[in-house]
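In the UniProt record's numbering, the protein residues as written are 1 to 482.
This is how it looks when you write it as structure tokens:
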């Protein structure tokens with residue numbers, strides 16, 4: 001499915017389309033394989049391969065995927081109109097074709113979804129045609145024009161980035177310092193600096209430098225070990241560490257779009273630009289000539305930013321907790337905020353600095369106790385007053401983060417200093433409902449900010465609520481005959 005270049009002698013290099021014989025699958029991430037007829041075997045990354053002739057081996061099949069996930073992937077800059085994929089609906093379990101097109105009335109990209117019917121005799125039908133296999137159906141789809149699709153758009157399988165690896169190389173936790181090089185500084189704080197870097201001059205990574213005295217080496221290794229054990233697609237992958245020499249280094253996957261906060265504020269500026277363009281009667285297509293993202297009219301810009309971030313990012317975080325990343329393992333982040341959610345290709349959201357955030361001393365923190373500094377505007381009252389942290393204090397922070405999303409990255413509690421905010425919260429004050437926030441969602445935010453931690457929703461509840469909210473807002477499938 002994806003090419004891979006071996007990084008050490010125990011691994012195996014292969015290209016897309018190569019046939020390999022798998023010898024051992026006991027490791028979930030790395031399988032032992034060899035080329036047929038060859039004696040030499042090596043380890044290959046399991047997410048990069050699929051069983052030959054299986055549905056997963058086709059580049060257009062994406063497995064179980066929600067409508068929002070399909071929308072997120074197809075609407076990314078990687079995919080032009082005509083890009084399509086087949087997925088299995090997470091809700092109905094039916095197969096669905098999702099395709100990106102331009103709306104008929106303007107230059108706004110949109111996604112159409114075509115549901116596939118499966119008969120008892122294992123035939124697959126869409127519109128008036130039935131096929132013996134999904135591969136035959138997709139061949140027909142590529143060569144015929146479904147109802148509602150312009151016949152001028154060439155259809156092509158959507159581009160998707162290679163899956164994130166849980167390890168930069170098999171069994172390589174301590175990364176030799178000489179294998180890393182800094183390319184560009186992308187962040188800094190009192191804890192150190194963050195660089196876009198290269199591993200062995202070929203693999204993009206993020207390199208975090210830890211200033212001496214900010215963290216004991218023992219604590220650093222202990223917390224890094226916790227991060228290493230966290231396995232979820234929406235938690236930033238920790239590749240390894242450099243503990244030999246100074247400064248201490250943390251090596252993670254690189255997220256090219258930066259923080260969710262950066263994305264939200266960038267989209268807010270795009271929205272302002274497009275509102276101005278619309279008010280002047282300028283065709284939206286001209287934005288492309290100016291170097292701006294083409295496809296969005298004002299309402300779509302808001303939807304891409306708010307709906308994608310709210311439904312996708314929040315569901316991912318709650319889903320991560322449901323899978324045992326937080327609540328099940330009794331791990332507490334302490335600093336859930338848009339600035340600590342990183343965004344990758346196709347707008348994939350991942351929680352960053354898991355397990356390490358409580359050691360960092362950012363400018364947004366303020367001194368409260370000898371235990372360190374706190375992000376006042378995101379921290380629950382019981383944590384501020386009594387240093388009582390729990391999954392329910394993270395729920396409070398989660399609600400503040402959702403408010404950031406609903407307001408396109410606005411600073412929470414504008415106009416309040418820290419003491420005024422504490423007094424207001426203890427008196428029952430809560431942020432007012434934004435104009436863009438549906439009443440049902442605002443009720444959820446108020447529940448997250450309940451004075452009593454035990455009365456706040458769990459992340460299990462948040463997950464189910466947001467998933468159901470997404471389902472209820474879905475449009476009907478298109479009727480067509482591809």
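Each residue gets a CB set at the ideal place from its N, CA and C atoms; glycine is no exception. Source: prediction; values computed, not measured.
Problem - residue 336 beta carbon less than 8 Å from that of residue 427 - result: no
Problem - Validate contact between the region 130-139 and the region 203-212 using beta carbons, cut 8 Å, 3 pairs - result: no
Problem - CB of residue 413 within 8 Å of CB of residue 401, strictly - result: no
Handout entry: Whole-number beta carbon distance between residue 23 and residue 49, since they are thought to touch under 8 Å
Key = Between residue 23 and residue 49 the Cβ distance is about 13 Å, and since that is not below 8 Å, they are no contact.
Problem - residue 192 classed as buried or exposed, judged by whether at least 16 other C-beta atoms fall within 10 angstroms - result: buried
Practice task
Tell me, please, whether the region 73-86 touches the region 39-48 by the rule of three or more beta-carbon pairs shorter than 8 Å.
Solution key: no
Exercise for the section: Would you mind giving the Cβ-Cβ distance between residue 395 and residue 349, rounded to the nearest angstrom? I have them listed as a contact below 8 Å. Expected result: 18 Å between Cβ atoms; not a contact.
Problem - Whole runs of the alpha helix (DSSP H) within the region 383-407, excluding any shorter than 4 residues - result: 391-406
Handout entry: Endpoints, the alpha helix (DSSP H) within which residue 448 is located
Key = 439-448
Problem - Per-residue burial, residue 225 [other beta carbons within 10 Å of its own, 16 or more giving buried] - result: exposed
Handout entry: Separation of residue 437 from residue 128, as counted between CA atoms
Key = 42 Å
Problem - Residues near residue 539 by beta carbon distance below 7 Å, same chain, minus five either side - result: Because the chain is modelled from 1 through 482, residue 539 falls outside the range shown and cannot be assessed.
Problem - Other residues of its chain near residue 179: CB distance less than 8 Å, five sequence neighbours each side excluded - result: 199 and 200
Handout entry: Status (buried if at least 16 other CB within 10 Å, exposed otherwise) for residue 4
Key = buried
Handout entry: Cutoff 7 Å; reference residue 256; Cβ partners in own chain excluding five residues on either side
Key = 344 and 345
Handout entry: Rounded straight-line distance, which links the Cα of residue 466 to that of residue 194
Key = 33 Å
Exercise for the section: Could you tell me how far apart the beta carbons of residue 376 and residue 418 are, in whole angstroms, since I believe they sit closer than 8 Å? Expected result: 5 Å
Handout entry: For residue 350, the three-state DSSP class (helix, strand or coil)
Key = strand
Practice task
Go ahead and label residue 244 buried or exposed: buried means 16 or more other beta carbons lie within 10 angstroms of its beta carbon, across all protein chains shown.
Solution key: exposed
Practice task
Have a look at residue 329 and residue 238 and give me their C-alpha separation to the nearest angstrom.
Solution key: Only weak support exists for where residue 329 lies, its pLDDT of 47 falling under 50; the coordinates are left without a value.
Exercise for the section: Work out the CA separation of residue 175 and residue 98 for me, nearest whole Å. Expected result: 41 Å
Practice task
Could you tell me the distance, in whole angstroms, from the CA atom of residue 181 to the CA atom of residue 37?
Solution key: 39 Å
Practice task
Grab me the residues of residue 248's own chain with a C-beta within less than 6 Å of its C-beta, minus the 5 sequence neighbours each way, in chain order.
Solution key: 210 and 220
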